[in-house]
Amino acid sequence: MNNPFISQTRLSQDLVPISPELANELLENFNSINARKLDKNEAKRLCRAILAGEWEENTGARILFEQGTGNVLDGQTRLEAIRMAKQIVKCDVLFGLHRKISLYSDVSRKRSYGVTIASSIGKTREDVNDLSHKAAAARVWLRSKNNWKINRFTREEIKNFVVKNFDALETMGKKKTFVPAQRAGVVGALAFYFTKHPNEALEFLSALTADDVSYINIKSPAIVLRNYLSQINSNQQHSEKQLKTDFQATLFCCFCHFNKSELEAIAFKETWE
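Residue numbering for the sequence shown follows the working numbering, beginning at 146 and increasing consecutively.
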């Protein structure tokens with residue numbers, strides 16, 4: 146089945162009937178760049194509305210398509226509802242749009258940092274979780290650069306910072322054993338250290354996440370930090386104070402590790418808890 150919403154040069158808006166077969170075609174073959182995860186519960190709610198004859202055509206909620214490709218930029222949940230209901234439904238569609246319009250569409254639902262970054266740099270939904278973790282680490286890093294006086298940053302500021310420091314965040318955030326995704330302060334600090342001392346940062350990360358620690362001195366700053374992280378590894382949410390502590394503790398242990406200040410790390414650990 147052909148995609149009728151491929152437009153090369155013009156912006157077009159229509160109220161058109163969409164069949165379950167067309168909805169399926171669009172979702173299966175023209176939905177690869179949509180960074181947002183499909184909301185199945187919302188799709189079920191809309192499906193019930195269709196079946197009950199309560200679907201409203203002119204709600205201002207349009208299905209958006211990219212210029213030249215016909216890829217779905219916004220509206221996958223409505224398409225899923227049509228596919229589930231197995232009925233032809235009239236929808237307000239807009240096609241011939243630039244991909245970045247997805248950053249500003251569907252304003253009723255808040256977009257995560259990961260979705261915002263993925264949409265703006267051409268990534269897909271498979272990259273969203275990873276980008277969200279990078280954004281969280283970048284935010285703590287940004288806070289440190291502002292002496293912990295600023296807690297909130299715009300999505301544009303976060304996105305630009307992630308793009309600028311992508312390699313550092315990628316390298317330092319790969320291993321999750323004792324640096325799980327939710328420990329944004331740790332990854333942010335390691336990424337910051339990596340920009341200054343890449344070889345030292347890689348060595349410290351290896352000690353921090355090693356499967357076999359028998360070769361590492363039990364008083365090593367990496368082990369001190371590792372034990373500290375293990376104790377609170379089960380916590381899924383972290384306060385602003387905790388994130389700041391994680392960041393500062395990680396940087397301090399990096400410093401101690403390469404200055405052979407093992408006793409300092411042990412003594413300083415008491416101030417973290």
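Quick reminder that beta carbons are idealized off the backbone N, C-alpha and C, glycines included.
Quick caveat: nothing in here was measured; it's all calculated off a predicted structure.
Endpoints, beta strand (DSSP E) assigned at Leu218: Following the DSSP letters along the chain, one finds Leu218 inside the beta strand (DSSP E) bounded by residues 217–219.
Using 8 Å as the Cβ pair cut-off and three pairs as the minimum, do the segment 335–355 and the segment 296–305 touch? As far as the Cβ criterion goes, the segment 335–355 does not touch the segment 296–305, which means the pair count is below three.
Please state whether DSSP places Val331 in a helix, a strand or coil. Helix, per DSSP.
Straight-line Cα distance separating Pro149 from Cys192: Spanning the two alpha carbons is a distance of roughly 23 Å.
Hey, Leu160 and Val238: beta-carbon distance below 9 Å or not? Yes, Cβ-Cβ distance for Leu160 and Val238 is below 9 Å.
Are the Cβ atoms of Met229 and Ala188 separated by less than 9 Å? Contact: yes.
From Phe175, Ala282, Gln232, pick the residue whose C-alpha is nearest to that of Gln212; which is it? Of Phe175, Ala282, Gln232, the residue nearest in Cα terms is Phe175.
Closest by CA to Val217, which one among Leu242, Ile227, Ala367, Leu396? For Val217, the closest C-alpha among the options Leu242, Ile227, Ala367, Leu396 is that of Leu242.
With DSSP as the reference, identify every bridge partner of Val238, one or two as the case may be. Beta-bridge pairing links Val238 to Asp159, Ile208.
So, are the CB atoms of Ile208 and Asp219 less than 9 Å apart? Taking 9 Å as the Cβ cut-off, Ile208 and Asp219 qualify as a contacting pair.
Grab me the residues of Ile233's own chain with a C-beta within less than 6 Å of its C-beta, minus the 5 sequence neighbours each way, in chain order. Excluding residues up to 5 positions away in sequence, Pro162, Ser164 lie with their Cβ nearer than 6 Å to the Cβ of Ile233 in the same chain.
Going by other Cβ atoms of all chains shown within 10 Å of its Cβ, with 16 needed for buried, is Gln221 buried or exposed? With 16 or more other Cβ atoms from the protein chains shown falling within 10 Å of its own Cβ, Gln221 counts as buried.
Mark Ala310 as exposed unless 16 or more other C-beta atoms lie within 10 angstroms of its C-beta, in which case mark it buried. Correcting the residue identity first, residue 310 is Asn in this sequence and not Ala. By the 16-neighbour rule on beta-carbons within 10 angstroms, Asn310 is buried.
At the level of alpha carbons, what is the spacing between Gly318 and Val369? Going by the C-alpha atoms only, they are around 19 Å apart.
Taking Ala194 as the reference, give the member of Lys231, Glu173, Glu166 with the closest Cα. Among Lys231, Glu173, Glu166, the Cα nearest to that of Ala194 is on Lys231.
Report, in whole angstroms, the separation of the C-beta atoms of Lys279 and Val307, which I expect to be a contact under 8 Å. At roughly 5 Å, the Cβ-Cβ gap stays under 8 Å, so Lys279 and Val307 are in contact.
Could you work out which residue in Glu201, Gly330, Arg288 is closest to Ile303 when comparing CA atoms only? For Ile303, the closest C-alpha among the options Glu201, Gly330, Arg288 is that of Arg288.
How about Val324 and Lys389: are their beta carbons less than 9 Å apart? Going by C-beta atoms, Val324 is not nearer than 9 Å to Lys389.
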